[in-house]
Amino acid sequence: MNIKDKAIRLLIESDYNIIVTGKTGAGKTDLILNCNIPDSHYFDFVALTDIDWRKPGWLTEESFCDFLPQIIHANEKTLILDAVEFPDDLSGSKIVHLIKTARKSGKRLIIVAYPENARQVLTLFDAVIHLEMSPGREYITYSIKMATEDTNE
0 MNIKDKAIRL LIESDYNIIV TGKTGAGKTD LILNCNIPDS HYFDFVALTD IDWRKPGWLT
60 EESFCDFLPQ IIHANEKTLI LDAVEFPDDL SGSKIVHLIK TARKSGKRLI IVAYPENARQ
120 VLTLFDAVIH LEMSPGREYI TYSIKMATED TNE
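If you read the sequence shown in numbering that gives the first Met the number 0, its first letter stands for residue 0, the second for the next number, and so on.
Here it is, written out as C-alpha cells:
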C-alpha cells in the first residue's frame, strides 16, 4: 500500500484527530473531499467567510465565535475544518481549546492548514498528513507522521 492510500485509509477508517498540511495547490482539499469520510461534516471556511472580503477566508481566533455554534452542534462525529489559521500566541486560543476538548464531546477533528502556520500545533494531533507539490508540479508527495511512525513517499 502506498503512502497516499495509507493517508486515505487513515482519514476514512481511523478515530484519530488529524491535521492535513500543505501549500496552496498541493491537493489538501481534494484529498479530503475525495475520501467521502463517513459521519462527517465539512466546514469550508474559505466559502463560509466569503461574505466579507475585508476579513481572511479562514477560521481564525477572530471569526471562531461566529462558527462555534455550528461546530459544537454538528450531529456528525467527524468535523472537518478546512482553512484554519492558528494564532502566533497559543495561550488562551479558542481553536486550540477546541482541539484539546473535542474528544470529550465525542468528536473527531480533521483540520486543514498551511504548514508554516501549523508547526506549533502538530503535537496536538494523533497524525499529521503533509502534501507537497514537486517543483515541476508533476506529482504530489505524501508524508504521514504519527507518534510512533514517520512515513514518506
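We put the beta carbon where it would ideally sit given N, CA and C, even for glycine.
With a cutoff of 8 angstroms on beta-carbon distance, Tyr141 and Ile11 are scored as not near each other.
In the DSSP secondary-structure assignment, Ile71 is not bridged to any residue. Secondary structure at Ala126: strand, using DSSP grouped into helix, strand and coil. In this chain, Asp4 is not harboured by any beta strand (DSSP E); it is covered by the alpha helix (DSSP H) spanning 2-12. Of Arg107, Ser104, His129, Lys106, the smallest CA-CA separation from Asn116 is found for His129.
Apart from the 5 residues on each side of it in sequence, Gln119 sits with its Cβ closer than 7 angstroms to the Cβ of Phe85, Leu89 in its chain, given in chain order. Our two residues, Ile143 and Lys5, have alpha carbons roughly 8 angstroms apart in a direct line. For Ile94, the uninterrupted alpha helix (DSSP H) run begins and ends at 93-100, by DSSP. Non-local beta-carbon contacts of Asp65 in its own chain, meaning distances under 7 angstroms to residues more than five positions away in sequence, are absent.
Taking 8 angstroms as the cut-off, the beta carbon of Ile31 is found closer than this to the beta carbon of Val111. Under the three-state reduction of DSSP output, Leu89 falls in the coil class, being neither helix nor strand. If you ignore the 5 residues before and after Tyr15, its C-beta comes within less than 6 angstroms of the C-beta of Asp125, Ala126, all in its own chain and listed in chain order. Residue state for Lys76 is assigned as coil, using DSSP reduced to three classes.
The beta carbon of Asp87 is closer than 6 angstroms to none in its chain, skipping five residues each way along the sequence.
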